[in-house]
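Each step along the sequence shown adds one to the number in UniProt numbering, with nothing skipped, and position 184 is 184. Heads up, the beta-carbon is just placed ideally off N, CA and C, and yes, glycines get one too.
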Amino acid sequence: QKQHTADEANSSRLVTKIRWIVESVNGRLKQWKYLQNVVPNTQIPYIQEYVCLIAALCNTYRDPLNTGNPESDQSLAAKMKYLASQTNKLQERVESEELHRRIKAWTPMNATDTLDFPLLSEEELLNLTVGVYQLKLAKSYTAEHKNDDGDYNIMVNNDIPDVLRVRIQSRHISSKQYFLWIEHSLGAITGWYCQCRAGARVVGVCAHVASVLWYLGHERHTHSARSTQDWSQYLEDASVIPEVMDSSESDQSGTEE
């Protein structure tokens, strides 16, 4: 199976949202050297006491993991549970209208084209991603996908003005690329669908969609471009490095005895 169904992807997002606090607590505890590795059996009688001591220190001197308020947390949970029962309408539209097959109908945007894409604040982006993780990835992921002119390769279809398409590089496989579609109306994002494994979900968005939303709806308006360092200049291709001659094999110089 190349891609999760919308129901599977939604369920997976709910699980990761619930497990976030558990993984965060485990990560904080494992910052202590004693708990980083496997504890020998001889330490079993003392583990509980040590964990309680470390937890007390973390609770006293570290910032709380959850800085939200109960009302907003409950509202977000209710929203995610509602979205989990929904289908991806844009995915259904892409498949029914065969938008993924009509290659010639999509043309790259040029400097003269105007894109009536809604302006999004960070709060509105968080409302779409239902979490900070995808939004954090989007900021650096956007910089990696800009072309030489500093723009994304956006494709439009004159027959479908409310939908745009983007070809984007996979986050995990360098040789793989995905298409994603974003449906928008005046002042709002109404749908999204990506061909990646989790791209059909409507409980939040995948990192690919988050990247495009961040660029089109926020970054290009605020000029808050985030640069990524190019370390390729420090790499050498082993196939073109000249062979170093061992000094013991070189011609001897100096006075013969």
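Annotation for Leu29: the continuous alpha helix (DSSP H) segment containing it runs 6 to 29. Beta-bridge pairing by DSSP links Pro70 to no other residue. In the assembly as shown, Ile47 is an exposed residue. Its beta-carbon has fewer than 16 other beta-carbons within 10 Å. Note on geometry: alpha-carbon atoms of Gly191 and Ser175 lie some 27 Å from one another. For Tyr193, the enclosing beta strand (DSSP E) has its first and last residue at 188 to 194. Looking at the backbone, the Cα of Leu128 and that of Ile182 are separated by about 12 Å. About 5 Å separates the beta carbon of Trp106 from that of Asn157, a gap short enough to meet the 8 Å contact definition. For Met80, the CB contacts under 7 Å within the same chain, skipping 5 residues up- and downstream, are Leu14, Lys17, Val130, Val203 in chain order.
A distance below 7 Å between beta-carbons, with the five flanking residues on each side excluded, links Gly187 to the following residues of its chain, in chain order: Pro118.
Residue pairing by DSSP places Ser185 opposite Ala188 in a beta bridge. In the displayed model, Ile160 falls within coil according to three-state DSSP, outside both helix and strand.
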